[in-house]
Amino acid sequence: MGAWLQMGGPAMWVLALMSVAALTLIILKLWDFSERRISQRDFLAPALDAWERGQPEAARAALSNSVSPLAQVLGEAMQLLGDARFSSAQARERIERLATEQLETLRSGLRALDLIGNLAPLLGLLGTVLGMIEAFQGLHAAGDRVEPSVLSGGIWEALLTTAAGLGIAIPAGAAVSYFDRRVEALQQAMESALTRLLTQPART
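This note's numbering puts the first residue of the sequence shown at 64, with every later residue one more than the last.
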C-alpha cells in the first residue's frame, strides 16, 4: 500500500485521506441510525389507536420507551395538540419545525459524504493526467533511447489514481443513496402518522 501511495503521487495521498474520511462518515452514520432506531415502527399503531380512542396518556406512554425520531416527534405533537396555550395553527407550525429539525439532523454528514463521492474520481483523473504528463516528459527526454517498458510502467502508475478515485466514489455514492432512502422512508412514515394525528381533535 505504501508503495502505491508513493507511485500515485500527491493525488494518491489526498485520495487516501478522503477514503479515511468517507469510511469514518459511513461508520458514524450507521452507528447513529442504529442507536436512534430510525426503522422502528412497532409503537406507531398502539400510540395512534390510543390517541383516536381519546386516551392521550396511553398514546404518549406507547411512545415513551422509544428513542426513534418518529416517536419523539409524535410525542411532542401530542403534547402540543393537548396544550390549550397553542392554537391549532401554532401547534402545526411547531410540529412541522420539530419534524424538519429531526430529519435535518439525520441528514447531517451526508453532504460531506456526497462531496467526497463526487470529488474523488475527479481528483483521481487529475492525478492520472499529471502522471501521464510526467511519463511523456520522460519519453521526450529519452529521445530514441526510450524503452516501451518504461512508458508502460509510467502509464499504469498514473492510472492508479483513477482506480483509487473510483474505488472511493462507488461505495461513497452507494452509502449516500442507502442513507437517503432510510431518511426518506422515515419522512414518509412521519408525514403519514402526523396526518393521521392532526385529523383528530386536540386531546387533553
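Beta carbons: idealized from backbone N, C-alpha and C, even for Gly. No experiment lies behind these values; they were computed from the predicted model shown.
DSSP places V130 outside both helix and strand once states are collapsed to three, so it counts as coil.
Under the three-state reduction of DSSP, S82 is assigned to helix. Between the segment 79 to 93 and the segment 105 to 112, the count of C-beta pairs closer than 8 Å stays below three; the two stretches do not touch. A147 sits in coil when the DSSP states are folded into three classes, being neither helix nor strand. With a 10 Å radius around the Cβ and a threshold of 16 neighbouring Cβ atoms, G180 comes out buried.
Counting the other Cβ atoms within 10 Å of the Cβ of G117 gives fewer than 16, which makes it exposed.
The segment 184 to 194 makes no contact with the segment 148 to 156: fewer than 3 CB pairs, one atom from each, lie closer than 8 Å. Taking each of T258, L257, L260 and A238 in turn and checking the Cα distance to F96, the smallest one comes out for A238.
The alpha-carbon separation between F149 and P119 amounts to approximately 17 Å. Under a 10 Å Cβ-count criterion, L93 is classified as exposed, with fewer than 16 other Cβ atoms of the shown protein chains found around its own Cβ.
Burial state of P132 is buried, judged by a 10 Å Cβ sphere holding 16 or more other Cβ atoms.
By the neighbour-count criterion, in which 16 or more other beta carbons inside 10 Å mark a residue as buried, L91 falls on the exposed side. Distances from the CA of A134 to each of Q165, A147, G230 and T262 were compared; the closest alpha carbon is that of Q165.
The Cβ neighbour count for L249, taken over all protein chains shown within 10 Å, is at least 16; the residue is labelled buried.
Around the beta carbon of I158, a 10 Å sphere encloses 16 or more other beta carbons of the protein chains shown; the residue is thus reported as buried. For F242, the three-state secondary structure derived from DSSP is helix. Shown here for R99: same chain residues with a beta carbon closer than 7 Å to its own, the five before and five after excluded, namely V130, S131 and P132 in chain order.
When rounded, the separation of the alpha-carbon atoms in R259 and G228 is 46 Å.
Rounded to the nearest whole angstrom, the C-alpha separation of V136 and D105 is 15 Å.
Counting along the chain, D112 sits inside the alpha helix (DSSP H) bounded by residues L107 to E115. Between A140 and L257, the C-beta gap is smaller than 8 Å, which places the two residues in contact.
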